[in-house]
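In my numbering, the protein residues as written are 144 to 340.
Step one of this worksheet: look at the structure below.
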């Protein structure tokens, strides 16, 4: 168990806020893609939203309790979230279900790209030194952007691994005839996301 210090608590707060926002974007992207494809299951539960509350209400353990406890006990944050979908819709529309599965990691890679561009612009503009903030405010901004970059890289890559219960636990192939979706994790509560400090 790591020593509880003000610096650790502040770092944990930044990681937790980034985790909440990033997982909310991830699940909202799944829900939006499903709604656009004709499945209203997640949308009817309010999950086509960047408000974290509908997502927390569905997975309070995975989005709040476990991330906080794992960070305090092990110095690493782990949690999970999920968005429901209709398996009958998935079977009828495998192509659409495949795009739904891609939407979550795509949201994470988009956030990673935004954070990376902000870091790059900060360095180019002289706001950041290469590797750390030059002052208190710059250092804080660097830390937050670095957390968002690292976290979303991990979430995006981790959810593309072909192991259950992750989105791509079953390889899928988009073709004229078939597309095997990999969202079995959604029916079983979603995948776990290990987040290192």
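Even glycine gets a Cβ: it sits at the ideal position worked out from N, Cα and C.
In this text the structure is predicted, and so the values were computed from the model without any measurement.
Suppose you measure from the CA of residue i to the CA of residue j; what does that come to, to the nearest Å?
{"i": "residue 261", "j": "residue 288", "result": "7 Å"}
{"i": "residue 179", "j": "residue 207", "result": "29 Å"}
{"i": "residue 299", "j": "residue 241", "result": "16 Å"}
{"i": "residue 162", "j": "residue 236", "result": "31 Å"}
{"i": "residue 270", "j": "residue 258", "result": "15 Å"}
{"i": "residue 246", "j": "residue 267", "result": "31 Å"}
{"i": "residue 197", "j": "residue 182", "result": "18 Å"}
{"i": "residue 188", "j": "residue 211", "result": "25 Å"}
{"i": "residue 226", "j": "residue 272", "result": "40 Å"}
{"i": "residue 283", "j": "residue 153", "result": "11 Å"}
{"i": "residue 214", "j": "residue 233", "result": "36 Å"}
{"i": "residue 244", "j": "residue 265", "result": "33 Å"}
{"i": "residue 216", "j": "residue 285", "result": "26 Å"}
Determine the closest residue to residue i out of the options, with distance taken between C-alpha atoms.
{"i": "residue 256", "options": "193, 296 and 211", "result": "296"}
{"i": "residue 230", "options": "222, 223, 239 and 224", "result": "239"}
{"i": "residue 175", "options": "228, 280, 201 and 290", "result": "228"}
Do residue i and residue j have their C-beta atoms within less than 8 Å of each other?
{"i": "residue 165", "j": "residue 251", "result": "yes"}
{"i": "residue 149", "j": "residue 218", "result": "no"}
{"i": "residue 172", "j": "residue 185", "result": "no"}
{"i": "residue 248", "j": "residue 303", "result": "yes"}
{"i": "residue 167", "j": "residue 203", "result": "no"}
{"i": "residue 159", "j": "residue 220", "result": "yes"}
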